[in-house]
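Just below is one structure, and these are the notes that go with it.
Residue numbers (our numbering), protein chains in the order written: chain G, 20 to 333; chain H, 270 to 555.
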């Protein structure tokens, strides 16, 4: 087990290294000369070549690439992510201010979609009848609707027509209802699909046949023998959902003007605000890597076959 | 793999099994209808999608405008048809490029093996552990918004998924007797790849591409909605929803129509890819 955890941590470190290289590469590749920009900020519209060169050596932009990478990595590890081009605020503060709102949005979404989606998926797999068809159709339609469109329809119905809920979602229980509902419907649809498929696969396994042969009632066969074995992929998907929602709810946050990191990321992308965009990418990637590693270790605890061998390759 | 029995010189009497119409055929036909509408629609319904007429805003259905007009008095049907063309072409471009990149990297890694394969596999796994949509947003944010950047960003974040699948396909396939036999007859690597391996992995390749099509259409629409893709007034489904946002509380139809177009297309695409997978999967439908 310790070996498995160690290997998984090592893998996570490798991915984080890749993340840092990509983020730094994007920073380097970003169009425009940062030295020119900063010199222009200081000295007005017209700047001489000498002034630009002075800024360049002051910022260390004339040093070799790897020296700049190490310096950048040091800053990033100290959460110094630079300042926004638009409002001059430090990126880490922008993220810190918005992160709790996104965390709550993601947590509420995952909680609701798990409570609804997993039982629905299990039931659909266990009773392959009209109920299965209904659940499958529902999840197909929900998964095929663009979330921005569903958000607008929800605003139209519940905010404009019925006037039950606010169209602009602030970080409050009432404001959270609509964005969480839209995101949960979509997450639930995907969760139903995975749960249903895995439980159907497990129900075809020999140990389930043995359980049926022993004369166990179908309810116990499903709950004790099929669902327990289907847990690992389902937990993996839930963890993945949580991590991707943390920043991936950007579109829904945007439509509802919800004060989360996703909306910040979209706004920064529209403005070409490179430091904020990169801060957003770093946050989302690191969050995903951490949650994935945690979920993998959890699955290793639940299922010994994973830590025996498959987990290392996966 | 099996060659279908064809009568030789008209003497052999081979009865082909009667081919039953299966779900995959139905969905393929409906999808073909959507593709045809996107390809030929703008030629048949010749109204200009960008002609504004501020005297005729939010008009209801009429012979001139079967689906009515939007907030600038532009013909909705024409915009939907032109949007279909752009959305589907972009999605096809993203998927074709990702498939190509994934096939090249995946099959090269699988064919070369050894340290290069291990390195490529690590790299692909690492890239897959990143949030693709956020990285795509980052690419667009850094290099500037626009249709071309968006397509590049989606390909750049999409190909590792293809590479992983194709690598495992190639590795599994090259052990098989027919490859060994081809090699024994003296066929070179390129010949084996093109003549033998290619046709045998074509089925899975198409299934993988079809599976990704729905998500790609949704992703493109979402970025265009956010204003990170095409610039107005280009008709694109996601951008049309964004344009209709200002007035949608009084005129919901201008966002309902393009949204429905996306939803219906993605539903058909998803059903088609599911049916296709079932048709290719030897274990039958699940």
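Cβ atoms here follow ideal geometry from the backbone N, Cα and C, with glycine treated the same way. Keep in mind the model is a prediction, meaning the values are calculated, not measured.
(message) By the DSSP assignment, the alpha helix (DSSP H) with residue 225 of chain G in it spans what residues?
(response) 225-232
(request) Check the Cβ of residue 175 of chain G against every Cβ in chain H and list those closer than 7 angstroms, keeping chain order. (result) 517, 518 and 521
(message) Taking 8 angstroms as the cut-off, does the segment 126-137 of chain G touch the segment 227-243 of chain G (at least 3 CB pairs, one atom from each stretch)?
(response) no
(message) Can you confirm whether residue 504 of chain H, when its beta carbon is compared against all beta carbons of chain G, has any partner nearer than 8 angstroms?
(response) no
(request) Determine the DSSP secondary structure at residue 263 of chain G, reduced to helix, strand or coil. (result) helix
(request) Taking only the alpha-carbon atoms, compute the straight-line gap between residue 36 of chain G and residue 308 of chain G and give it to the nearest angstrom. (result) 11 angstroms
(message) Below 8 angstroms on the Cβ atoms is my contact criterion, and I expect residue 398 of chain H with residue 436 of chain H to pass it. Report the Cβ-Cβ distance as a whole number of Å.
(response) That belief does not hold up - the Cβ atoms of residue 398 of chain H and residue 436 of chain H are roughly 16 angstroms apart, past 8 angstroms.
(request) Could you spell out where the alpha helix (DSSP H) holding residue 380 of chain H opens and where it closes? (result) 345-381
(request) Taking residue 29 of chain G as the reference, give the member of G/313, G/163, G/118 and G/321 with the closest Cα. (result) When each option's Cα is compared against that of residue 29 of chain G, the closest is G/313.
(request) To the nearest angstrom, report how far apart residue 331 of chain G and residue 23 of chain G are at their CA atoms. (result) Note that residue 331 of chain G scores 40 on pLDDT, short of 50, meaning its location in the model is unreliable; the coordinates nonetheless yield the value given after this. Roughly 7 angstroms between the two C-alpha positions.
(request) Just grab the DSSP bridge partners of residue 338 of chain H for me. (result) According to DSSP, residue pairing for residue 338 of chain H in a beta bridge involves H/344.
(request) Select from G/125, G/311 and G/180 the residue whose C-alpha is nearest the C-alpha of residue 207 of chain G. (result) G/125
(message) Taking a contact to mean a Cβ-Cβ separation below 8 angstroms, would you say residue 151 of chain G touches residue 143 of chain G in this structure?
(response) yes
(message) Any beta carbon from chain G within less than 8 angstroms of residue 469 of chain H's own beta carbon?
(response) no
(message) What does the alpha-carbon distance come out to for the pair residue 301 of chain H and residue 486 of chain H?
(response) 16 angstroms
(request) With DSSP collapsed to three states, give me the class of residue 185 of chain G. (result) The answer is coil: DSSP assigns residue 185 of chain G none of H, G, I, E or B.
(message) Please classify residue 364 of chain H as buried or exposed, where buried requires at least 16 neighbouring CB atoms within 10 angstroms.
(response) buried
(message) For residue 229 of chain G and residue 324 of chain G, what's the separation of their Cα atoms in angstroms?
(response) 21 angstroms
(request) Please classify residue 335 of chain G: does DSSP put it in a helix, a strand, or coil? (result) Residue 335 of chain G is absent from the model: chain G starts at 20 and stops at 333.
(request) List the residues of chain G that residue 400 of chain H touches, going by C-beta distances under 9 angstroms, in chain order. (result) 262, 263, 265, 266, 267, 300, 303, 304, 306 and 307
(message) Considering just the uninterrupted stretch of the alpha helix (DSSP H) at residue 212 of chain G, what are its terminal residues?
(response) 192-222
(request) Have a look at G/292, G/27 and G/301 and flag the residue whose alpha-carbon is nearest the alpha-carbon of residue 106 of chain G. (result) G/292
(request) Work out the CA separation of residue 321 of chain H and residue 537 of chain H for me, nearest whole Å. (result) 32 angstroms
(request) With 8 angstroms as the threshold, decide whether the Cβ of residue 51 of chain G is near any Cβ in chain C. (result) In the structure shown, chain C cannot be found, because the protein chains are G and H.
(message) With a threshold of 8 angstroms on Cβ separation, who are the neighbours of residue 278 of chain H within its own chain once the five nearest residues in sequence on each side are excluded?
(response) At residue 278 of chain H, the pLDDT of 48 sits below 50, so the modelled position is not reliable; the number obtained from the coordinates is stated separately. The answer is none, since no qualifying residue turns up.
(message) For residue 406 of chain H and residue 453 of chain H, I'd like the C-alpha separation in whole angstroms.
(response) 49 angstroms
(request) Pull up the distance between the alpha-carbon of residue 360 of chain H and that of residue 204 of chain G, whole angstroms please. (result) 25 angstroms
(request) Give the interface partners of residue 424 of chain H over in chain G, defined as CB-CB distance under 8 angstroms, in chain order. (result) Neighbourhood of residue 424 of chain H in chain G, by CB distance below 8 angstroms: empty, with the nearest CB roughly 15 angstroms away.
(message) Please report the straight-line C-alpha distance between residue 408 of chain H and residue 520 of chain H, rounded to a whole angstrom.
(response) 35 angstroms
(message) Does residue 498 of chain H pass the burial test, meaning 16 or more other C-beta atoms within 10 Å, or should it be called exposed?
(response) Buried, by the Cβ-count rule.
(request) State whether the segment 369-377 of chain H contacts the segment 425-441 of chain H, with contact taken as three or more CB pairs (one from each stretch) at a distance under 8 angstroms. (result) yes
(request) Please determine, among H/500, H/545, H/517 and H/540, the residue with the shortest C-alpha to C-alpha distance to residue 352 of chain H. (result) H/500
(request) Taking 8 angstroms as the threshold, find out whether the segment 171-179 of chain G comes into contact with the segment 97-112 of chain G through three or more Cβ pairs. (result) Output reads no: the segment 97-112 of chain G does not touch the segment 171-179 of chain G.
(request) Figure out for me which residue from H/314, H/354, H/370 and H/387 has the closest Cα to the Cα of residue 344 of chain H. (result) H/314
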